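The sequence shown begins at 4 in the working numbering and counts up by one.
The block underneath contains the structure these notes are about, expressed in structure tokens.
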Amino acid sequence: MPIRWEALPKTGIDKNPTPIDAAIRRGPVMAALGLILVLTPVVLILAWIYIGRPISQSLFGFDVLQWVVSHQYSFSILMMLLVLFIIVHLCAACILAERKISAYIQDRRGPDRVGWRGLLQPIADGLKFLLKEDITPANVDKPVYILAPCISFVVALVGFAVLPWAGDIVWPWTAEDGSPVVVSTQVAPLSIGVLYLLAVGSLSPYGVVLGGWASNNKYSFYGGMRATAQMLSYEVPLGLGVLVLLLLSGSLRLEVIQEMQTASGIWNIFLHPIAFFIVLVAAFAETNRAPFDLAECEQELVGGFHTEYSSMKFALFF
4 MPIRWEALPK TGIDKNPTPI DAAIRRGPVM AALGLILVLT PVVLILAWIY
54 IGRPISQSLF GFDVLQWVVS HQYSFSILMM LLVLFIIVHL CAACILAERK
104 ISAYIQDRRG PDRVGWRGLL QPIADGLKFL LKEDITPANV DKPVYILAPC
154 ISFVVALVGF AVLPWAGDIV WPWTAEDGSP VVVSTQVAPL SIGVLYLLAV
204 GSLSPYGVVL GGWASNNKYS FYGGMRATAQ MLSYEVPLGL GVLVLLLLSG
254 SLRLEVIQEM QTASGIWNIF LHPIAFFIVL VAAFAETNRA PFDLAECEQE
304 LVGGFHTEYS SMKFALFF
């Protein structure tokens, strides 16, 4: 007989919510916060176009925005901020999608309290992490305990700097010498882009093992050692899968690999499906995602290497 969710009793948390829970669950409040987060970049861009540009032209005698986007250094800073904004929102959307799909597979409702069908749940989770008390256990190695989640967070972001997002952009205006103005959407066009990505990815075990060791908790330590062993063991197949592209393109530059793929008109995942499958499986193992979540299995290790973390420190690991 299927379960009727409407007939289930409300929990104690629903009957007696805290002020923070009550504020988070208010639909209008969360809707307003969601609109602010989504519309803020649009409002800033429109404000600059219709207000900032005329003021800058009258004060400096030239268009500041055009000058900023015409120079590679300043344009790279704008691209870095834009990429960071997009990545943060995509991560929130992917987490919500994962929770929804998991709930569907397990025949439960999943997040549906905040916003329409739970679409604003990521905002509520972010507020929860920000407002939650930051508890530091008494016997931890405090400097390493604080440094570990920062290492994991930074390592997860710096790899995006070398990715070629949209090739080169040719602006409709020209430089002072009459040459076309061309800027690259790649924040850091390194000649060893693929090697840089592999090197940055190999740094991720440091944050995990340091967090597990500094927590002074046996469950955290076991989880950190499991995660480190798993990450190191899957570095070899990950490198072998990437090696296929290096042999075909003959270069370590990511933009060269992108141009080769654009010229062929076919994604490399269809040209080399076996290598793609190896890299995909290794990527799941490197990030400790199911079914490779041995470092975070609740049945054995409570919460894994981040058992003793709370508030934003846990969010940096998450």
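For each residue, glycine too, the CB sits at the ideal point set by N, CA and C.
These numbers were taken from a predicted model, which means no experiment stands behind them.
Under 9 angstroms between C-beta atoms of residue i and residue j
| i | j | result |
| --- | --- | --- |
| F279 | G242 | no |
| V211 | F321 | no |
| A151 | G214 | yes |
| V186 | V72 | yes |
| Y209 | E311 | no |
| L251 | M263 | yes |
| L193 | V157 | no |
Coarse secondary structure for residue i, derived from DSSP in three states
| i | result |
| --- | --- |
| D128 | helix |
| W1 | Since the displayed the chain opens at 4 and closes at 321, residue 1 lies outside it and no answer follows. |
| G307 | helix |
| P12 | Note that P12 has pLDDT 46, beneath the 50 cutoff, so the model's placement of it is unreliable and the number below is only indicative. Three-state DSSP puts P12 in coil, outside helix and strand. |
| Y148 | helix |
| I98 | helix |
| L77 | With the sequence shown as reference, residue 77 is identified as Ser, and Leu is not the correct amino acid for it. Reduced to three states, the DSSP call for S77 is helix. |
| S187 | strand |
| I48 | helix |
| I58 | helix |
| P2 | Past the boundaries of the shown model lies residue 2; the chain is included only from 4 to 321, so the question cannot be answered. |
| F320 | helix |
| W358 | With the chain covering only 4 through 321, there is no way to say anything about residue 358. |
| F279 | helix |
| A141 | coil |
| E136 | coil |
| Q69 | helix |
Residue i, buried or exposed, once every other Cβ within 10 Å from all chains shown has been counted against 16
| i | result |
| --- | --- |
| S207 | buried |
| T43 | exposed |
| N142 | exposed |
| R229 | buried |
| V45 | exposed |
| F295 | buried |
| I277 | exposed |
| T265 | exposed |
| Q189 | buried |
| A50 | exposed |
The ligand SAH heavy atom lying under 8 angstroms from the CB of residue i
| i | result |
| --- | --- |
| F273 | Of ligands this structure carries none, so the ligand SAH is not represented either. |
CB-CB length for residue i against residue j, believed under 8 angstroms
| i | j | result |
| --- | --- | --- |
| L200 | G162 | 5 angstroms |
| L198 | L255 | 5 angstroms |
| E258 | P167 | 5 angstroms |
| P240 | I272 | Not quite, the Cβ-Cβ distance comes to about 16 angstroms (not below 8 angstroms), so this is no contact. |
| A285 | Y237 | 5 angstroms |
| S314 | F88 | That belief does not hold up - the Cβ atoms of S314 and F88 are roughly 23 angstroms apart, past 8 angstroms. |
Below-9 angstroms beta-carbon distance, residue i vs any chain D residue
| i | result |
| --- | --- |
| V157 | In the displayed structure, chain D is absent; only one protein chain is listed. |
Using 8 angstroms as the threshold, is the segment 135-144 in touch with the segment 118-127, meaning 3 or more CB pairs across them? Touching, no, given that fewer than three Cβ pairs across the two stretches are closer than 8 angstroms.
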